[in-house]
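Novice: Pasting a structure here, questions to come.
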Amino acid sequence: MILKSKDLLGLKDITKEEIQGILDTAKTMKLIIQSGTKKTPHLQGKTVITLFYENSTRTRTSFELAAKYMSGNSVNISVSTSSVAKGETLIDTGRTLDVMGTDVIIIRHSMAGAPDLLAKHTNAAVINAGDGLNEHPTQALLDMFTVMEAKGDLNGLKVAIVGDILHSRVARSNIWGMTKMGAKVVVAGPPTLLPSHIKDLGVEAYTDIEKAVEDADVVMALRIQKERLEKGLFPSVSEYARFFGINENIVKKAKKDALIMHPGPVNRGVEITSALVDGDSSLIDTQVTNGVAIRMALLYLMTRKDG
Amino acid sequence: MRLLIKNGFVTDGIGIHTGIRDIYIEGGVIKQIGENLSYQADRVIDAEGLYVFPGFVDAHCHLRDPGYEYKEDIKSGTLSAAYGGFTSVACMPNTNPVADNKAVITYIIDKAKKEGVVHVYPIGAITKGQKGEVLADIGEMKEAGAVAISDDGVPVASASLMRKAIQYASAFGLTVISHCEDLSLKENGSMNEGYMSTVLGLPGIPHEAEEVMVAREILLSEGLGIPVHIAHVSTKTSVTLIRDAKKRGVRITCETCPHYFSLTDEAVRGYNTNAKVNPPLRTEEDRLAILEGLADDTIDIIATDHAPHHIDEKDVEFNLASNGISGFETAFGLCSEYLLKTGVLSLERFVSKIAVNPARLLRIPKGTLKEGSAADITVCDLKKETIVDVRKFRSKGKNSPFDGKRLQGAVIYTVVDGNVVVENRE
Ligand SMILES: [Zn+2]
Ligand SMILES: [Zn+2]
Chain A
66 MILKSKDLLG LKDITKEEIQ GILDTAKTMK LIIQSGTKKT PHLQGKTVIT
116 LFYENSTRTR TSFELAAKYM SGNSVNISVS TSSVAKGETL IDTGRTLDVM
166 GTDVIIIRHS MAGAPDLLAK HTNAAVINAG DGLNEHPTQA LLDMFTVMEA
216 KGDLNGLKVA IVGDILHSRV ARSNIWGMTK MGAKVVVAGP PTLLPSHIKD
266 LGVEAYTDIE KAVEDADVVM ALRIQKERLE KGLFPSVSEY ARFFGINENI
316 VKKAKKDALI MHPGPVNRGV EITSALVDGD SSLIDTQVTN GVAIRMALLY
366 LMTRKDG
Chain B
252 MRLLIKNGFV TDGIGIHTGI RDIYIEGGVI KQIGENLSYQ ADRVIDAEGL
302 YVFPGFVDAH CHLRDPGYEY KEDIKSGTLS AAYGGFTSVA CMPNTNPVAD
352 NKAVITYIID KAKKEGVVHV YPIGAITKGQ KGEVLADIGE MKEAGAVAIS
402 DDGVPVASAS LMRKAIQYAS AFGLTVISHC EDLSLKENGS MNEGYMSTVL
452 GLPGIPHEAE EVMVAREILL SEGLGIPVHI AHVSTKTSVT LIRDAKKRGV
502 RITCETCPHY FSLTDEAVRG YNTNAKVNPP LRTEEDRLAI LEGLADDTID
552 IIATDHAPHH IDEKDVEFNL ASNGISGFET AFGLCSEYLL KTGVLSLERF
602 VSKIAVNPAR LLRIPKGTLK EGSAADITVC DLKKETIVDV RKFRSKGKNS
652 PFDGKRLQGA VIYTVVDGNV VVENRE
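Keeping their order, the protein sequence lines are chains A and B. Numbered by this note's numbering, the letters in the first sequence go through residues 66 to 372 in order. Numbered by this note's numbering, the letters in the second sequence go through residues 252 to 677 in order.
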């Protein structure tokens, strides 16, 4: 049994061995994607529902493809965030999906802890596809998978995550996951976008991104959201790009063979320059491919009878 | 009805009675306190091994009536209070309609007279509709029976309006109770900002959101020379600000609640909405500072901020959950466990903070064992262990982060106007 819990709510509460198990399974899944047929029977007769309270074509499509490649049925439910307060409660929605015979519910929600609440009240396996500022475990797993593919091992690597750490569930999941796998994680961004007590999560934190990137094996830029600007967390997009954006000069501080990553979608010229996005060290497209492999691995592991 | 409470250890909180005493009650009034009294009584309570206090006075609770009777009403709320050892409670005005006029104040008082198990003292709103725009009819509310004014639940954002409220209410002998929270600092926060909010990915509320307004109220009180009371103090710096202000003679008073000296934001782990409260549970450093503030009398009052909610308002996403803890029935156990057992407070200082001082703040003739005063008495066992079970709460609100917790110290009898309203002895 690779996964101990019926759900995957985050990387915070799972072990190094569980993470390793998922990554190993994903290797096999990647071979299936790369094969001509792209079809396995692993999910035959299983129903996967994507329950998205926030838009994300990427993540949703990735899960859908994962289910389809494994012959599962997938159904999409979109709920607008504005209707959360007045509409059906999350618990009721979960119960309804349960009695309909759903095997896996993939939930994305604007509020941290929503997947935990759903998991507590349903028999279906719940996969967190992003909750508030909390976690986005499948993204972090695909990031780790991508790094391991390129570097062989995460242990001992220096990973610099740069940008809006405060509002990034990708950053949090990567911090939990990568530190468990032995990487040294460094975060950087404007002080207004660094979470309180972030160092207590076992990372180094900088406001000078050059320092953060120094000798890094991996440089990951995070998407900056325009609404943070409106909230006064930084003065302007151009100032952000100038002081906190990843560009060729910054990357020179990193190791020569440093990998460039971004969870997407990219604001070109803001958090990272186009030249880097399209450059030789960029793994941004590989990340997307690996996302499907990781999600196939999870769907497989979470629906097999022996866990 | 003549009642004799014998052989209990009496502590009145003001140092007049401390020791084994008998209390004789007739016609709802304390007739005599003394050693070895021999009266013919209709009922004798043998309180040997028990502790006898003036009935507890809660300066801050939410009875939800009128308007939110599905959460609590005056009957269930006062029964819950009685089981917590409270014989008088002051209820906050965030009802529906808001208690911002004499009609609502009168409604609460009348209903409490008919259905209330303990005495109910309504607190009027500072501003109409608690909107923070114009003053409510403060004089008329006082005339109808309001004992203080507060916009609890929402802060009065305008310093100018707050200043006028403090001034105006003073003419009617009403103290302003300030719910300190700077909403521009709170933003969309739903728990204390710190390590735990980062771990849980919940938007944080910085402690300064409370402290900047505590500082403001201190300055307003100081400038005007008029007392102001700070509700539910939860942070270390709030305690420091109030301690320093008191030292230089500012007439500021404050309260804290049992959850601020017994829990930290660790309780939110697992997105436990029963630990969602406003102000939010803070860090261990803050909790220790609250204990220190209680020990050195910076904190005058222990109030419950009893805030019952329906399960549907808690069984939701953390961000959507209502703030508040159903607090009456765990208050004494928590005080006993965290303040008395540990020696943070002596019995006498505990009684001053849970009975004497709140009665003083509200200027009501309660919290006393003086001969000739109404016989409101709480009898407790400091040894008895109980396990908190929310299903047994008399309150409609089962929202407690203490469910399942073992506490030493329990209320055994609650006496209101000479009537035994709670009996909790095996
Ligand atoms: Zn309040
Ligand atoms: Zn309150």
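Note that the Cβ used here is the ideal one computed from N, Cα and C, for glycine as well.
Distance cutoff 8 angstroms, beta carbons only. Does P530 of chain B sit that close to anything in chain A?
Specialist: Position 279 of the second sequence, counted from the start, is the residue given in the question as residue 530 of chain B. By this cut-off, P530 of chain B is not an interface position.
Novice: Hey, would you say L492 of chain B sits closer than 8 angstroms to A460 of chain B, going by beta carbons?
Specialist: Reading the second sequence from its first residue, position 241 is the one you call residue 492 of chain B. Reading the second sequence from its first residue, position 209 is the one you call residue 460 of chain B. Against a cut-off of 8 angstroms, the Cβ pair of A460 of chain B and L492 of chain B comes out as no contact.
Novice: Below 9 angstroms on C-beta distance, what does T449 of chain B contact in chain A?
Specialist: Translated into the one-based positions of the second sequence, residue 449 of chain B becomes position 198. Near T449 of chain B (Cβ distances below 9 angstroms), the residues of chain A are L198, L231, R237, P260, S261, H262, I263, D265, L266.
Novice: G328 of chain B: beta carbon under 7 angstroms from a heavy atom of ligand 2?
Specialist: Residue numbering aside, residue 328 of chain B sits at position 77 when the second sequence is read from its first letter. No.
Novice: Report the CB separation of L182 of chain A from E568 of chain B in whole angstroms; it is logged as a contact under 8 angstroms.
Specialist: For the purposes of this step, residue 182 of chain A is taken as residue 117 along the first sequence, with counting starting at 1. For the purposes of this step, residue 568 of chain B is taken as residue 317 along the second sequence, with counting starting at 1. Confirmed, Cβ separation roughly 6 angstroms.
Novice: Which ranges does the alpha helix (DSSP H) cover as unbroken runs of at least 4 residues, wholly within the segment 503–573 of chain B, from first to last along the chain?
Specialist: Fully enclosed alpha helix (DSSP H) runs of 4 or longer: 509–513, 535–546.
Novice: If you draw a straight line from the alpha carbon of V465 of chain B to that of M176 of chain A, how long is it in whole angstroms?
Specialist: Position 214 of the second sequence, counted from the first residue, corresponds to residue 465 of chain B. Position 111 of the first sequence, counted from the first residue, corresponds to residue 176 of chain A. Their backbone Cα atoms lie some 30 angstroms apart in a straight line.
Novice: What residues in the segment 548–573 of chain B have a beta carbon less than 9 angstroms from any beta carbon of chain A?
Specialist: Taking 9 angstroms as the Cβ-Cβ cut-off against chain A, the residues of the segment 548–573 of chain B that qualify are D563, D566, V567, E568, F569, N570, L571.
Novice: Taking 8 angstroms as the threshold (beta carbon to beta carbon), is P454 of chain B in contact with chain A?
Specialist: Along the second sequence, read from residue 1 onward, the residue named residue 454 of chain B stands at position 203. With 8 angstroms as the cut-off, P454 of chain B counts as an interface residue toward chain A.
Novice: Going by DSSP in three states, M213 of chain A sits in which element: helix, strand or coil?
Specialist: As a position in the first sequence, residue 213 of chain A is number 148, starting the count at 1. Three-state result, M213 of chain A: helix.
Novice: Name, going along the chain, the residues of the segment 178–192 of chain A whose beta-carbon falls closer than 8 angstroms to a beta-carbon of chain B.
Specialist: Listed by position along the chain: G178, A179, D181, L182.
Novice: So is G372 of chain A in contact with chain B if we call contact Cβ pairs under 8 angstroms?
Specialist: If you number the first sequence from 1, residue 372 of chain A lands on position 307. Per-residue confidence for G372 of chain A stands at a pLDDT of 47, beneath the threshold of 50, marking its modelled position as unreliable; the derived number appears in the next sentence. Chain B, which has no Cβ nearer than 8 angstroms to the Cβ of G372 of chain A, makes this no.
Novice: Which residue from B:D627, B:K647, B:K635 puts its Cα closest to that of V673 of chain B?
Specialist: In the second sequence, the residue the question calls residue 673 of chain B occupies position 422. The candidate whose alpha carbon is nearest that of V673 of chain B is B:D627.
Novice: Determine the DSSP secondary structure at L237 of chain A, reduced to helix, strand or coil.
Specialist: Reading the first sequence from its first residue, position 172 is the one you call residue 237 of chain A. Looking at the sequence shown, residue 237 of chain A is not Leu but Arg. In this structure, R237 of chain A counts as helix in the three-state DSSP scheme.
Novice: I'd like to confirm something about M343 of chain B: is its beta-carbon nearer than 7 angstroms to some heavy atom of ligand 2, or not?
Specialist: Mapped onto the second sequence, residue 343 of chain B falls at position 92. Yes; taking the cut-off as 7 angstroms, the Cβ of M343 of chain B has a heavy atom of ligand 2 nearer than that.
Novice: If you follow the alpha helix (DSSP H) that M285 of chain A is part of, which residue opens it and which one closes it?
Specialist: The sequence position of residue 285 of chain A within the first sequence is 220, counting from 1. Careful: M285 of chain A lies outside any alpha helix (DSSP H), inside the beta strand (DSSP E) at 283–286.
Novice: Quick one: give me the first and last residue of the beta strand (DSSP E) that D433 of chain B is part of.
Specialist: For the purposes of this step, residue 433 of chain B is identified with residue 182 of the second sequence, where counting begins at 1. Segment: none, D433 of chain B is in no beta strand (DSSP E) and carries neither H nor E.
Novice: Would you be able to state if there are at least three C-beta pairs under 8 angstroms between the segment 384–402 of chain B and the segment 344–359 of chain B?
Specialist: Yes, the segment 344–359 of chain B is in contact with the segment 384–402 of chain B.
Novice: For a test of the three-state rule: what should DSSP assign to G372 of chain A, helix, strand or coil?
Specialist: Taking the first residue of the first sequence as position 1, residue 372 of chain A is located at position 307. For G372 of chain A, the predicted model reports a pLDDT of 47, less than 50, meaning its position is unreliable and no value from the coordinates is stated.
Novice: Which same chain residues end up closer than 7 angstroms to K487 of chain B when comparing Cβ atoms and leaving out the 5 residues on each side of it in sequence?
Specialist: Stepping through the second sequence from its first residue, residue 487 of chain B is reached at position 236. Here the set comprises E536, D537, A540.
Novice: Tell me the rounded alpha-carbon separation between S597 of chain B and F512 of chain B.
Specialist: For this step, residue 597 of chain B is matched to residue 346 along the second sequence. For this step, residue 512 of chain B is matched to residue 261 along the second sequence. Whole-angstrom Cα-Cα distance: 16 angstroms.
Novice: Mind checking which residues open and close the alpha helix (DSSP H) that includes G159 of chain A?
Specialist: Counting from 1 along the first sequence, the entry for residue 159 of chain A is found at position 94. 155–164 is the extent of the alpha helix (DSSP H) around G159 of chain A.
Novice: Near V331 of chain A, what residues of its chain come up, given a Cβ to Cβ distance below 6 angstroms and the 5 sequence neighbours on each side ignored?
Specialist: Locating residue 331 of chain A in the first sequence gives position 266, where the first residue counts as 1. The answer, listed in chain order, is V342.
Novice: So is the beta-carbon of G404 of chain B under 7 angstroms away from any non-hydrogen atom of ligand 1?
Specialist: In the second sequence, residue 404 of chain B corresponds to position 153, counting from 1. True, at least one ligand heavy atom lies under 7 angstroms from that Cβ.
Novice: Hey, is M176 of chain A's beta-carbon within less than 8 angstroms of any beta-carbon in chain B?
Specialist: Walking along the first sequence from the start, residue 176 of chain A turns up at place 111. So yes, M176 of chain A belongs to the interface.
Novice: Return the first residue and the last residue of the alpha helix (DSSP H) that L116 of chain A is part of.
Specialist: By one-based count along the first sequence, residue 116 of chain A stands at place 51. Unbroken run through L116 of chain A is the beta strand (DSSP E), 112–117; no alpha helix (DSSP H).
Novice: Could one say the Cβ of Y511 of chain B lies closer than 8 angstroms to chain A's Cβ atoms, at least one of them?
Specialist: The residue given as residue 511 of chain B occupies position 260 in the second sequence. So no, Y511 of chain B is outside the interface.
Novice: So, at 6 angstroms on beta carbons, what are the nonlocal neighbours of H430 of chain B in its own chain, with the 5 sequence-adjacent residues on each side left out?
Specialist: The residue you call residue 430 of chain B lines up with position 179 of the second sequence. Only D403, P406, A482 meet the Cβ criterion.
Novice: Step through the CB atoms of chain B and report whether any lies within less than 8 angstroms of the CB of L155 of chain A.
Specialist: To locate residue 155 of chain A, count along the first sequence from 1; it is residue 90. Yes - at least one Cβ of chain B is within 8 angstroms of the one on L155 of chain A.
Novice: Ordered along the chain, which non-local residues of its own chain (more than five positions away) have a Cβ less than 7 angstroms from that of L613 of chain B?
Specialist: Here residue 613 of chain B corresponds to residue number 362 of the second sequence, with the count starting at 1. For L613 of chain B, where only same-chain residues beyond five positions count, the Cβ hits under 7 angstroms are A310, A341, Y372, V398, A399.
Novice: Between the beta-carbon of E200 of chain A and the beta-carbon of S261 of chain A, is there less than 8 angstroms?
Specialist: Residue numbering aside, residue 200 of chain A sits at position 135 when the first sequence is read from its first letter. Residue numbering aside, residue 261 of chain A sits at position 196 when the first sequence is read from its first letter. Not a contact, by the Cβ cut-off of 8 angstroms.
Novice: Pick from B:K621, B:R253, B:Y275, B:E299: whose alpha carbon is nearest that of D632 of chain B?
Specialist: If you number the second sequence from 1, residue 632 of chain B lands on position 381. Taking only the C-alpha atoms, the option nearest D632 of chain B is B:E299.
Novice: According to DSSP, what are the bridge partners of D273 of chain B?
Specialist: Against the second sequence, residue 273 of chain B aligns to sequence position 22. According to DSSP, D273 of chain B bridges with B:G285.
Novice: By DSSP, does I267 of chain B sit in helix, in strand, or in coil?
Specialist: Start at 1 with the first residue of the second sequence, and residue 267 of chain B comes out as number 16. Note: I267 of chain B maps to coil in three-state DSSP.
Novice: By DSSP's criteria, G455 of chain B is part of a beta bridge. Which residues make up the other side?
Specialist: For this step, residue 455 of chain B is matched to residue 204 along the second sequence. DSSP output for G455 of chain B lists B:M442 as bridge partner(s).
Novice: For a contact defined as C-beta to C-beta under 8 angstroms, what are the partners of R234 of chain A on chain B?
Specialist: As a position in the first sequence, residue 234 of chain A is number 169, starting the count at 1. Within chain B, the residues near R234 of chain A are G452.
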